[in-house]
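Inspection log for the structure reproduced underneath, given as structure tokens.
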Amino acid sequence: MKKRLYLVITIVIFSFVTNSCSDDDADTQSCDVSTESYTTQSNGTVTYTVTANSGSTVTSITYEGTNGPVTVSNPGGNFNLSVNVEAGTTISLNAKGTAVKGQIRAYFTFTGNGGNEVSEKLKVCPGE
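Now the structure itself:
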């Protein structure tokens, strides 16, 4: 009788632990998101924004700076930066991290001087 009770208790505990872990894993996703690139036709300003919500974390961001690619490790919280760029600059944005029951969103907006050229690119992990 004790052996059966022990076996039933062991099976119940194992089932509980296995199901608890799989629920958490389903809500957690490793993210490596890159926006589509855009080559500017005029001088202007690009604003890079990366957001992480609902417990998600960003471990690195790489963006096109004034003098080439710039990587920011462990930016902490949401990231927002405006950079002046020259005509012919190829703009791109990459964010790496972990989405936990939420999303990591990477996007940029470019506005050419005078407002005649505008481009916006967005990438989300997990996708919408």
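Per mature numbering (1 follows the signal peptide of the UniProt record, and there is no 0): the sequence shown = residues -22 to -1, 1 to 106. All residues carry an ideal CB built from backbone N, CA and C; glycine is no exception.
Here DSSP, grouped into helix, strand and coil, assigns S51 to strand. Taking a cut-off of 8 Å for Cβ pairs, the region 44 to 54 and the region 80 to 97 do not touch, as fewer than three such pairs fall below it. For E42, the enclosing beta strand (DSSP E) has its first and last residue at T35 to G43. Our two residues, S32 and L71, have alpha carbons roughly 22 Å apart in a direct line. Taking a contact as a CB-CB distance under 8 Å, the pair G66 and T25 does not count as one, their CB atoms being some 19 Å apart.
Comparing alpha carbon positions, the residue from E14, T6, E42 and N94 closest to S34 is T6.
A distance below 6 Å between beta-carbons, with the five flanking residues on each side excluded, links S12 to the following residues of its chain, in chain order: N72.
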